[in-house]
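A quick write-up on the structure given underneath.
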Amino acid sequence: MNHLIECTDVLQIAEAVFERVFRTELGQPGFAVLVMPQDLSSQELRQSMTVLKERLSELHAMKWGEALEYLSLGRFDQQNSTKLHLDGAPERSFLMLGYEPTKVRSEFQIADFSRCACDMGLSPAEFMSQHNPMFSAGAELLRNYVSNTTNWYEDCPRIVLINNSIAEPGMHGATYGVLHGALIPVPDQQASRIINSTMIAPACFVGSDPAMQVREFVSTDQISGQILG
Ligand SMILES: [Fe+2]
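Be aware that the sequence shown starts at 748, since it is given in this note's numbering, and climbs by one per residue.
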């Protein structure tokens, strides 16, 4: 399956994104990469992210009766490679990342640990506690469940959605998550690689307002620094 989706209007593809990312069956990928028009500005990219989040929230509310809220919003310049991992977040959570055009080449990695767990007769949480892929034995189990995306239009802005959930299948609102990672073969400290990073979750998991508010996230020129990955 080609995971790259050309997109000029996030509202037009929101339902397709919802089906792919907020998946309740393992035939869907659990993530989506939207390739945006090359001339989209940084602020327009972030605006598109907030528009898409609102529509995904509506779709989530229609299906499960809960809106989606931001747990965090930030902007980072980072070129660190990261092993396959889940971000530390509630058991139902979703990463939405806005990649700005860069000349730094990278490989975007996704591992379907939920499908691997199912094939082994385990829940996703059991798989992660018994076979943590940060260690080589766990990573080896996932080998046939990894998709590597190279050459992913890094001269264009891109919006990436990743299901970061590890909820028990069958529970209310449970969807199947994936692991993510990145390989940056040749970092270039003279170049920037800016990622506009948000974490989203159903409202019941969101306590206080995120440090960076939505309006500031869209309008700021500030970069926060490094991110974990
Ligand atoms: Fe991460």
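Where is the CB? At the ideal position from N, CA and C, for every residue including glycine.
Between residue i and ligand 1, is there a pair consisting of the residue's CB and a ligand heavy atom that are separated by less than 7 Å?
{"i": "Thr-896", "result": "no"}
{"i": "Asp-824", "result": "no"}
{"i": "Thr-829", "result": "yes"}
{"i": "His-832", "result": "yes"}
{"i": "His-927", "result": "yes"}
As a quick exercise: from the options, pick the residue whose alpha carbon is nearest that of residue i.
{"i": "His-807", "options": "Arg-767, Gln-825, Val-780, Asp-824", "result": "Arg-767"}
{"i": "Val-824", "options": "Glu-847, Tyr-817, Gly-954", "result": "In the sequence under discussion, the amino acid at residue 824 is Asp, which differs from the Val named in the question. For the residues Glu-847, Tyr-817, Gly-954, the minimum Cα distance to Asp-824 belongs to Glu-847."}
{"i": "Cys-951", "options": "Ser-788, Asn-910, Arg-770, Leu-818", "result": "Leu-818"}
{"i": "Pro-776", "options": "Gly-924, Ser-789, Ser-853", "result": "Gly-924"}
{"i": "Ser-955", "options": "Asp-859, Glu-816, Ile-857", "result": "Glu-816"}
{"i": "Phe-964", "options": "Leu-844, His-832, Val-764, Ala-858", "result": "Leu-844"}
{"i": "Glu-915", "options": "Met-875, Asp-968, Met-783", "result": "Met-875"}
{"i": "Gln-937", "options": "Lys-850, Ala-864, Arg-770", "result": "Lys-850"}
{"i": "Ser-894", "options": "Pro-880, Ile-857, Pro-837", "result": "Ile-857"}
{"i": "Met-783", "options": "Phe-769, Ser-804, Glu-801, Leu-758", "result": "Leu-758"}
{"i": "Arg-839", "options": "Ile-752, Met-918, Asp-935, Ala-884", "result": "Met-918"}
{"i": "Ser-789", "options": "Pro-904, Thr-896, Phe-778, Ala-779", "result": "Pro-904"}
When DSSP builds the beta bridges, which residues end up paired with residue i?
{"i": "Pro-904", "result": "In DSSP, Pro-904 forms no bridge with anything."}
{"i": "Phe-778", "result": "Ile-909"}
{"i": "Ile-857", "result": "Ser-894, His-927"}
Assuming residue i is part of the alpha helix (DSSP H), what are its boundary residues?
{"i": "Asp-866", "result": "860-866"}
{"i": "His-919", "result": "Careful: His-919 lies outside any alpha helix (DSSP H) and carries neither H nor E."}
{"i": "Pro-871", "result": "871-877"}
{"i": "Leu-773", "result": "Here Leu-773 belongs to no alpha helix (DSSP H), and DSSP marks it neither H nor E."}
Between which two residues does the beta strand (DSSP E) carrying residue i extend?
{"i": "Arg-822", "result": "815-824"}
{"i": "Ala-948", "result": "941-949"}
{"i": "Gly-753", "result": "Here residue 753 turns out to be Glu, not Gly, going by the sequence shown. That run of the beta strand (DSSP E) goes 751-753."}
Just verifying my parser: in three-state terms, what is the DSSP assignment at residue i?
{"i": "Lys-800", "result": "helix"}
{"i": "Leu-842", "result": "strand"}
{"i": "Leu-831", "result": "strand"}
{"i": "Met-783", "result": "coil"}
{"i": "Trp-899", "result": "coil"}
{"i": "Phe-882", "result": "coil"}
{"i": "Ser-788", "result": "coil"}
{"i": "Gln-794", "result": "helix"}
{"i": "Ser-966", "result": "helix"}
{"i": "Glu-805", "result": "helix"}
{"i": "Pro-848", "result": "coil"}
{"i": "Gln-937", "result": "coil"}
{"i": "Gln-759", "result": "helix"}
{"i": "Val-953", "result": "coil"}
{"i": "Leu-888", "result": "helix"}
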